[in-house]
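See below for the structure under consideration.
In UniProt numbering, the protein residues as written are 1 to 248.
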């Protein structure tokens, strides 16, 4: 297994991409510390992980509150004595537009997507620096790189900030053996895409060279690669997972 004897923290792990990431890491041998706001769903994910033979604890809480990040890392160290992998997946999107933008919504999106990522990184770094090793993977988005007229400004700006943080900490932490990378998913088939009309879904797929939507597993496999020793000469990257719909 790729992650035997490793401990991973995954935020936003209750459904969709985050849930798949947590399960995929467990399948490869990692013990898990998972976070989300819905305790019932956290218990369900924990049960699935323990059925795979891995240990797991969960911490319910809103990642936009710095106290949540501190509690996650404190509990992780108390239980497992180390953190090898951090996956910052927790995120929200509020559909807004330039004309109808609500600054309260703007601040809420940035508080979760950008501030929450920063808080968790800052809290885990002392522990990774002490053992001179660690893998941090941030979940960004194609929206960080390719804006378009109908996109959410707050979401795109928050994820662009995540890409910058990835590069900043990759440069600063490399001397400590800490790798920091991001993945930028494009159109992924999740709970949100189930609400798309048939016509809209067809339009989205028609813009993807591979002619299909991605799956949470596609993102989880990329995260696994970046969390494992297969990526030991890669840091500061933002890996596109989008079927070719955006290339850079």
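Just so you know, even glycine gets a beta-carbon here, dropped at the ideal spot from N, CA and C.
Checklist entry - Are the beta-carbon atoms belonging to residue 76 and residue 9 less than 7 Å from one another? => result Yes, the Cβ-Cβ distance between residue 76 and residue 9 is below 7 Å.
Checklist entry - Are residue 49 and residue 56 close, meaning C-beta to C-beta below 7 Å? => result Taking 7 Å as the Cβ cut-off, residue 49 and residue 56 qualify as a contacting pair.
Checklist entry - What's the C-alpha gap between residue 108 and residue 166? => result In a straight line, the C-alpha of residue 108 is about 21 Å away from that of residue 166.
Checklist entry - Taking just the CA atoms, how far does residue 32 sit from residue 144? => result Their Cα atoms are separated by approximately 28 Å.
Checklist entry - Between residue 73 and residue 83, what straight-line distance do the alpha-carbon atoms span, to the nearest angstrom? => result Approximately 8 Å, taken between the alpha carbons.
Item to check | Per DSSP, cross-strand counterpart(s) of residue 179 | outcome: Residue 179 pairs with 135.
Checklist entry - Do you know how far the Cα of residue 53 is from the Cα of residue 222? => result Annotation: residue 222 to residue 53 spans about 23 Å, alpha carbon to alpha carbon.
Checklist entry - Are there 16 or more other CB atoms within 10 angstroms of the CB of residue 95, so buried, or fewer, so exposed? => result If you draw a 10 Å sphere on the C-beta of residue 95, you find fewer than 16 other C-beta atoms in it, and that means exposed.
Next on the checklist: For the beta strand (DSSP E) containing residue 161, name the first residue and the last one.
Outcome noted: Element bounds for residue 161: not the beta strand (DSSP E) but the alpha helix (DSSP H), 153-173.
Checklist entry - Does the Cβ of residue 218 have 16 or more other Cβ atoms within 10 Å, making it buried, or fewer, making it exposed? => result Residue 218 comes out buried.
Checklist entry - Taking C-alpha atoms, which residue in 231, 229, 235, 61 lies nearest to residue 281? => result In the structure as shown, the chain starts at 1 and stops at 248, and residue 281 therefore has no counterpart that could be examined.
Next on the checklist: Residues in the same chain with beta-carbon distance under 7 Å from residue 244, minus the five sequence neighbours each way, listed in chain order, please.
Outcome noted: Exclusion of the five residues before and after residue 244 leaves 208, 209, 210 as the residues of its chain whose Cβ lies within less than 7 Å of its Cβ.
Item to check | Beta-carbon proximity check, residue 241 vs residue 185, cutoff 7 Å | outcome: Against a cut-off of 7 Å, the Cβ pair of residue 185 and residue 241 comes out as a contact.
Checklist entry - What is the DSSP secondary structure of residue 31, counted as helix, strand or coil? => result The three-state reading of DSSP puts residue 31 in strand, counting E and B together.
Next on the checklist: Within the continuous alpha helix (DSSP H) that includes residue 41, where are the two ends?
Outcome noted: Element bounds for residue 41: 39-51.
Checklist entry - Helix, strand or coil for residue 7 per DSSP? => result Here residue 7 sits in strand by DSSP.
Next on the checklist: Quick test of your reading: residue 169 and residue 183, contact by CB under 8 Å. State the CB separation rounded to the nearest angstrom.
Outcome noted: Going by Cβ atoms, the distance from residue 169 to residue 183 rounds to 15 Å, so no, they are not a contact pair.
Checklist entry - Buried or exposed: residue 128, going by 16 or more other Cβ atoms within 10 Å of its Cβ? => result Buried is the call here.
Next on the checklist: At the level of alpha carbons, what is the spacing between residue 42 and residue 35?
Outcome noted: Roughly 7 Å between the two C-alpha positions.
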